[in-house]
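Asks:
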Amino acid sequence: MSRAQVLRLQEQRWRAMARYALQVSPFYRRHLAGIDVERCALSDIPPMTKRLLRDNWDEIVPDSRLHYAELQRFLKDPANWGTVKDGRWLVASTSGTSTEPLIVVHDIAAVDYSHACQNVRNSDSPHSAAMPCLPFFRKRLKVLAIVMSKAPSVSSALLHTRPWVGSLFSTYHKINAAAPWSEILAEVQRLQPDALMGFSSVFGRLAQAQLSGELNLHLSPERGYIWAGGDAVTPGIRELCRQAFGVEPSSMYGCGEVLSIARQWRGLDHLCCHDDMMVLETVDAAGRPVAEGELSDHAYVTPLINKAVPLLRYRINDRLRPGPVHEHWPFRTLTEIHGRSNMTYYFHTPEKKAFFGNSFRFAIDDRSDVLLYQFRQTAPAAIECLLVPRPGADASVLCREIEDLMRQSLDGCECQAVQCTARIVPELLPDPRTGKVEQQVPLKDEIAA
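Following the working numbering, the numbering of the sequence shown begins with 1 at its first residue and continues without gaps.
1. Report the option in 372, 151, 147, 223 whose CA atom is closest to the CA atom of residue 79.
2. Just reading off the beta strand (DSSP E) that residue 91 is part of, what are its end residues?
3. Which of the three DSSP states is assigned to residue 331 in this structure?
4. Please name the residue in 331, 231, 391 whose C-alpha comes closest to that of residue 244.
5. Compute the distance between the beta-carbons of residue 3 and residue 325, then report whether it is under 8 Å.
6. Put residue 160 into one of helix, strand or coil per three-state DSSP.
7. Go ahead and pull the three-state DSSP assignment for residue 57.
8. Since residue 206 contacts residue 189 with CB under 8 Å, what's their CB separation in whole angstroms?
9. Would you mind sorting residue 350 into buried or exposed? The rule is 16 or more other CB atoms within 10 Å of its CB.
10. With a CB to CB cut of under 7 Å and the five nearest residues on each side skipped, what residues in its chain are close to residue 65?
11. With residue 420 as the anchor, note down where its beta strand (DSSP E) starts and where it stops.
12. Among residues of its own chain, excluding the 5 on either side of residue 303, which ones have a beta-carbon nearer than 6 Å to its beta-carbon?
13. Is the beta carbon of residue 6 closer than 8 Å to that of residue 330?
14. Which partner residues does residue 284 have in the DSSP bridge list?
15. Under 8 Å: do the segment 124-133 and the segment 178-188 share three or more Cβ pairs, one atom per stretch?
16. Are the CB atoms of residue 238 and residue 48 within a distance shorter than 8 Å?
17. Compare the C-alpha of residue 466 against each of 40, 55, 148 and name the closest.
18. Can you give the Cα-Cα distance for residue 146 and residue 252, rounded to whole angstroms?
19. DSSP state of residue 272, grouped into three classes?
20. In or out: residue 81 buried (at least 16 other Cβ within 10 Å) or exposed?
21. Secondary structure at residue 401, three-state DSSP: helix, strand or coil?
22. Looking at residue 388: is its Cβ nearer than 8 Å to the Cβ of residue 428?
23. Would you identify the three-state DSSP class for residue 112, choosing helix, strand or coil?
24. Quick one: grab the DSSP three-state call for residue 279.
25. Is the distance from the Cβ of residue 401 to the Cβ of residue 421 below 8 Å?
26. Since residue 424 contacts residue 399 with CB under 8 Å, what's their CB separation in whole angstroms?
27. Considering only the alpha carbon of each residue, which of 157, 366, 169, 396 lies closest to residue 223?
28. If you reduce the DSSP assignment to three classes, tell me which class residue 1 lands in.
29. Checking the sheet assignment: what are the DSSP bridge partners for residue 206?
30. Here's the rule: buried if 16 or more other CB atoms are within 10 angstroms of the residue's CB, otherwise exposed. What is residue 212?
31. Taking only three categories from DSSP, how would you classify residue 50?
32. Does DSSP classify residue 262 as helix, strand or coil?
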């Protein structure tokens with residue numbers, strides 16, 4: 001398709017979703033009162049927030065088997081994790097790292113469609129499609145996914161519920177990201193996968209193990225890949241994986257409510273949006289579109305293929321920098337993703353001041369001498385940065401430079417009374433709930449407030 005054809009397809013699909021929402025949802029009949037969905041622009045539709053979705057769930061979701069109380073009972077039983085509810089729906093829960101956890105539901109046909117698109121676009125060339133591995137007895141790529149399998153997570157549910165679509169292209173194995181590190185290392189060594197999927201912080205540790213001789217893994221530079229999501233692919237992790245495996249990680253970007261928003265395809269230095277499966281609007285603080293190359297304040301996403309929970313202009317608090325349309329594919333690109341814009345620190349100096357945590361991240365993300373980092377508030381007027389340096393980096397110089405960057409960011413936001421320190425740690429362990437190494441950790445009582 002041309003870009004114009006994709007945009008026409010987008011419009012056909014979001015208008016169809018809007019008509020469906022009006023047909024099945026009392027909430028949307030109120031929410032869209034006075035709006036003609038046959039003639040309006042998408043931007044005329046008022047945004048949907050996570051709070052609105054949660055508070056009005058039973059008036060938004062059309063099937064009574066998916067009412068919120070019923071889904072809570074369903075997910076309380078670990079035997080239901082990774083199963084297809086009533087043969088029709090994938091049911092999981094978000095991690096709740098930025099706000100309270102939210103149950104998410106996807107029509108299984110939409111999940112199959114998403115799986116197929118992901119695999120077709122996983123070609124050896126950044127401007128061609130991949131085909132299923134036929135006939136079926138031909139050797140397929142062996143893919144190892146490191147996911148949170150001991151929780152009702154979306155990533156684990158995707159592999160549990162519909163492995164057959166991906167198996168047309170590859171054979172899949174999974175490891176629990178919460179398992180002891182020695183078990184993860186032994187299982188990776190035993191399986192000898194051709195490709196890896198999961199958290200970038202885990203791949204950084206695997207690369208260190210490979211370079212130290214604890215692991216002997218051979219990824220094919222031609223066919224092998226590393227898909228990293230959940231936590232950031234830092235320049236240090238990217239370089240470490242290149243040295244250890246000859247393959248650099250590619251970023252995946254999505255959320256539980258939407259599954260896949262964009263992905264970095266092989267051979268590209270940016271991410272391509274899945275514009276046939278959702279509409280992504282990158283906007284400023286007032287909700288106006290930002291220009292190509294500008295960093296957004298937040299974004300709105302409209303899933304186009306999941307009718308289990310119709311969402312129109314669902315707000316996600318990520319800061320994104322949109323790029324041009326891809327040279328060979330009719331999809332818009334993202335050149336930067338800067339995480340959750342609502343990760344805010346509240347300092348008392350003694351007056352209360354709000355500080356946007358990604359101001360720190362902007363200062364550290366381009367450093368190749370840092371593998372992992374975590375900003376952690378330790379007191380009402382104190383914050384520290386924990387650093388895992390790249391092997392060979394000068395620890396004292398690194399700490400001093402990071403403290404200087406933190407000081408500049410704080411002083412620029414009139415937080416001169418806030419103390420900041422940086423220190424080296426041997427490793428940063430993932431959050432046991434999510435499997436991710438959280439990069440911003442405000443005080444819990446301030447988040448609640």
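Backbone N, C-alpha and C fix where the C-beta goes; we use that ideal spot for every residue, glycine too.
Replies: A quick look at the data gives this:
1. The residue labelled residue 79 in the question sits at position 79 within the sequence shown. For residue 79, the nearest C-alpha among the options comes from 151.
2. Taking the sequence shown and counting its residues from 1, the one referred to as residue 91 is at position 91. Element bounds for residue 91: 89-93.
3. Looking up residue 331 in the sequence shown gives position 331. In this structure, residue 331 counts as coil in the three-state DSSP scheme.
4. Within the sequence shown, residue 244 is the residue found at index 244, counting from 1. Residue 391 is the option with its Cα nearest to residue 244.
5. Position 3 of the sequence shown holds residue 3. Position 325 of the sequence shown holds residue 325. For residue 3 and residue 325, yes; Cβs fall inside 8 Å.
6. Looking up residue 160 in the sequence shown gives position 160. Of the three classes helix, strand and coil, the one that applies to residue 160 here is helix, per DSSP.
7. Stepping through the sequence shown from its first residue, residue 57 is reached at position 57. Residue state, collapsed to three classes: helix.
8. As a working mapping, residue 206 is identified with position 206 in the sequence shown. As a working mapping, residue 189 is identified with position 189 in the sequence shown. That belief does not hold up - the Cβ atoms of residue 206 and residue 189 are roughly 10 Å apart, past 8 Å.
9. Counting from one through the sequence shown, the residue named residue 350 turns up at place 350. Residue 350 is exposed by the Cβ-count criterion.
10. Counting from one through the sequence shown, the residue named residue 65 turns up at place 65. The residues are 86.
11. Residue mapping note: residue 420 aligns to position 420 of the sequence shown, counting from 1. Residue 420 -> beta strand (DSSP E) spans 419-424.
12. The sequence position of residue 303 within the sequence shown is 303, counting from 1. Excluding sequence neighbours, residue 303 sits near 258, 278, 311.
13. Here residue 330 refers to the residue found at position 330 of the sequence shown. Here residue 6 refers to the residue found at position 6 of the sequence shown. Yes, Cβ-Cβ distance for residue 330 and residue 6 is below 8 Å.
14. To locate residue 284, count along the sequence shown from 1; it is residue 284. DSSP, once it has assigned bridges, lists no residue as partnering residue 284.
15. no
16. In the sequence shown, residue 48 corresponds to position 48, counting from 1. In the sequence shown, residue 238 corresponds to position 238, counting from 1. It is not a contact, given that the beta carbons lie outside the stated cut-off.
17. Lying before the first or after the last residue shown, residue 466 is absent from the chain, which here runs from 1 to 449.
18. Start at 1 with the first residue of the sequence shown, and residue 146 comes out as number 146. Start at 1 with the first residue of the sequence shown, and residue 252 comes out as number 252. So the alpha carbons of these two residues sit roughly 14 Å apart.
19. Walking along the sequence shown from the start, residue 272 turns up at place 272. Three-state DSSP puts residue 272 in a strand.
20. Sequence index remark: in the sequence shown, residue 81 carries index 81 (1-based). It is buried - the Cβ of residue 81 has at least 16 other Cβ atoms within 10 Å.
21. By 1-based counting over the sequence shown, the position of residue 401 is 401. DSSP places residue 401 in helix when its eight states are reduced to three.
22. Taking the sequence shown and counting its residues from 1, one reaches residue 388 at position 388. Taking the sequence shown and counting its residues from 1, one reaches residue 428 at position 428. Contact flag set, yes.
23. On the sequence shown, position 112 is the one that residue 112 refers to. Of the three classes helix, strand and coil, the one that applies to residue 112 here is helix, per DSSP.
24. Walking along the sequence shown from the start, residue 279 turns up at place 279. Strand, per DSSP.
25. Position 401 of the sequence shown, counting from 1, holds the residue named residue 401. Position 421 of the sequence shown, counting from 1, holds the residue named residue 421. Contact: no.
26. Residue mapping note: residue 424 aligns to position 424 of the sequence shown, counting from 1. Residue mapping note: residue 399 aligns to position 399 of the sequence shown, counting from 1. Yes, they are in contact, since the Cβ atoms of residue 424 and residue 399 sit about 7 Å apart, within 8 Å.
27. As a first step, residue 223 is located in the sequence shown; it is residue number 223 there, counting from the start. Nearest option by C-alpha distance: 169.
28. Taking the sequence shown and counting its residues from 1, the one referred to as residue 1 is at position 1. It is coil, neither helix nor strand.
29. Position 206 of the sequence shown, counted from the first residue, corresponds to residue 206. DSSP, once it has assigned bridges, lists no residue as partnering residue 206.
30. Your numbering for residue 212 matches position 212 in the sequence shown. It is exposed - the Cβ of residue 212 has fewer than 16 other Cβ atoms within 10 Å.
31. The residue given as residue 50 occupies position 50 in the sequence shown. Looking at residue 50 - three-state DSSP - the assignment turns out to be helix.
32. Translated into positions along the sequence shown, residue 262 becomes position 262. Strand at residue 262.
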